[in-house]
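Numbering (the working numbering), first residue to last: 1053 to 1125. Take a look at the structure set out below.
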């Protein structure tokens, strides 16, 4: 891979991670009823898996599209 493709892939992955982390940054922690689980609560493994697969698809498709912009034809 060329250096521009690698840089574009890294930028795409960084933007996707910030986009995903924004709700956690916006949470002020002052509310008693939080949408986030606390220690000891059961995890929803199916929901976590679905989110992981969707995020993986977004990162891979986004990096492929950005990488294709820099390929010579």
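Glycine residues also receive a C-beta, built at the ideal position from the N, C-alpha and C atoms.
- Three or more Cβ pairs drawn from the stretch 1064-1074 and the stretch 1105-1119 lie within less than 8 Å of each other, which places the two stretches in contact.
- In this model, residue 1120 and residue 1109 are separated by some 16 Å (Cα to Cα).
- Bounds of the alpha helix (DSSP H) holding residue 1108 are 1097-1120.
- Within the same chain, 1060, 1064 come within 6 Å of residue 1118 by CB-CB distance, once the 5 residues on both sides are set aside.
- The beta carbon of residue 1057 is closer than 6 Å to those of 1119, 1122 in its chain, skipping five residues each way along the sequence.
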